[in-house]
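Same order as they appear, the protein sequences are chains H and U. Take the first sequence: its position 93, counting from 1, is numbered 88 in my numbering, and each next residue is one higher. Take the second sequence: its position 82, counting from 1, is numbered 77 in my numbering, and each next residue is one higher. Backbone N, C-alpha and C fix where the C-beta goes; we use that ideal spot for every residue, glycine too.
Protein chains: 2
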Amino acid sequence: MQFSFRLPVATHILLCIERFKDEYKTTSTFLASSVNVNPVIIRKTLGQLKAAGLVEVAAGVGGAKLTKSPADITLWDVFQAVEEDEELFHFQENPNPKCPVGRNIHVVLGDRLEEVRQHMLADFQKVTLADLLASIAAKEAAE
Amino acid sequence: MQFSFRLPVATHILLCIERFKDEYKTTSTFLASSVNVNPVIIRKTLGQLKAAGLVEVAAGVGGAKLTKSPADITLWDVFQAVEEDEELFHFQENPNPKCPVGRNIHVVLGDRLEEVRQHMLADFQKVTLADLLASIAAKEAAE
DNA sequence: ATTGTTGTAACATATTATATTACATCAATT
DNA sequence: AATTGATGTAATATAATATGTTACAACAAT
């Protein structure tokens, strides 16, 4: 089981938009060359980020920019933007209701797994784009 | 993105094995009727649980039982048994090495995501089969 | 008008999860 | 030794999802 790479790709996009905002027009083609995926993937992802209110995209002329400070955008925001808001875990739909395990496992195990999911989201909320940009700047400085 | 239902199914199997150990022979057909999946799915999952040392299966005659106390089996054990031991998140393989974001994002973001994964596993370790059996028994008693 | 861009539809491909059938093998029992 | 009910596993089918790609209409600046 793996998460799709939508979260990493979306994060990469946002970081590039901010990192290069004064040097380049951050078009889907430009971003695609850094991430190394098809520009259409970038446009679709930008569409999700736009719908989530994280970026604005200049129609026609092109280029994207953040709508708020990198310190105010967390991985949680990005995750919510690009992943379906569905159950992280899922259960066999129709366990046997005549079995005491079958008719109770969904709620009993579900409660525990929901806690796991909440912790994961809390971890995501702790990381901002500004944190990541700082780490990247540190790497750059060390090169 | 969703986890497959292997973790819930495997947990369901283990709970049934323990809950019904004194009443029924817990064959793949019996377990399949509680979980409501094909018996072959049960056998494959039992194979994974057996490989992980959590159960032993009686060849020929049939039936499975736990190899240790339910208090000593955690969701982490079950998760490790049935999910590939791979990266939880995955990255675009070949980001542009000429871009400072592209060449550093894997390690910078990867570090953060690895922490998220470690927290998830730690959460799994906190839940034992005995906990779940107790919750189910409480539900049964309240019915 | 031309240009470069976005937004989106349509389609292709690969991977994974799950379901199902079939059958060889096994161990206990008769 | 034959029967029985079970496991282990291969082969295959189906569906869902992720990703890649082409194509093109709409758009905004020049």
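Within chain H, the residues that U:S130 reaches when beta carbons sit closer than 7 Å: V103
With a CB to CB cut of under 6 Å and the five nearest residues on each side skipped, what residues in its chain are close to U:P90? G97
Under 8 Å Cβ-Cβ, which residues of chain H neighbour U:E135? P95, N99
For the stretch 103 to 123 of chain H against the stretch 119 to 137 of chain U, do three or more pairs of beta-carbon atoms, one drawn from each stretch, fall closer than 8 Å, so that the two count as touching? yes
Beta strand (DSSP E) containing U:L61: first to last residue? 59 to 61
Please report how far the alpha carbon of U:Y19 lies from the alpha carbon of U:H7, in whole angstroms. Cα-Cα distance, rounded: 16 Å.
Using beta-carbon positions only, say whether H:F(-2) and U:L2 come within less than 8 Å of one another. no
Residue span of the alpha helix (DSSP H) that contains U:E79, given as start and end: Taken as a continuous stretch (DSSP letters only), U:E79 belongs to no alpha helix (DSSP H), as it is neither H nor E.
Starting from H:V50, trace the beta strand (DSSP E) both ways and give me its first and last residue. First-last of the beta strand (DSSP E) with H:V50: 50 to 52.
How would you list, in chain order, the residues of chain H whose beta-carbon sits under 7 Å from the beta-carbon of U:S29? P90, N91, C94, V96, G97
Tell whether a beta-carbon distance below 8 Å holds between U:Q87 and H:F0. yes
What number of angstroms, rounded off, separates the C-alpha of U:T22 from the C-alpha of U:Q75? 23 Å
Should U:Q87 be flagged as near chain H, meaning a C-beta pair shorter than 8 Å? Yes - at least one Cβ of chain H is within 8 Å of the one on U:Q87.
Taking Cβ-Cβ distances shorter than 7 Å, what residues in chain U pair up with H:D72? Chain U residues near H:D72: none, gap ~14 Å exceeds 7 Å.
Go ahead and label H:N33 buried or exposed: buried means 16 or more other beta carbons lie within 10 angstroms of its beta carbon, across all protein chains shown. Exposed, since its Cβ has fewer than 16 Cβ neighbours within 10 Å.
Determine the direct distance from the alpha carbon of U:R38 to that of H:E79, and round the result to whole angstroms. 32 Å
I need the boundaries of the alpha helix (DSSP H) containing H:E110, first residue and last residue. 95 to 120
Counting pairs of beta carbons, one from the stretch 59 to 78 of chain U and one from the stretch 111 to 126 of chain U, are three or more of them closer than 8 Å? yes
Could you pull out every residue in the same chain whose Cβ sits closer than 7 Å to the Cβ of H:K60, ignoring the five residues on either side in sequence? I12, K16, V50, E51
Below 8 Å on the Cβ atoms is my guess for H:D72 versus H:A47; work out the distance and round it to an integer in Å. Yes, they are in contact, since the Cβ atoms of H:D72 and H:A47 sit about 7 Å apart, within 8 Å.
If we count the other Cβ atoms within 10 Å of its Cβ and call it buried at 16 or more, is U:T69 buried or exposed? buried
Proximal residues of chain U, C-beta to C-beta of H:R14 below 8 Å: P95, V96
Any residues in the stretch 34 to 47 of chain U with a beta carbon nearer than 9 Å to a beta carbon of chain H? Which ones, in chain order? none
Beta-carbon proximity list for U:F25, same chain, < 7 Å, skipping 5 on both sides: Y19
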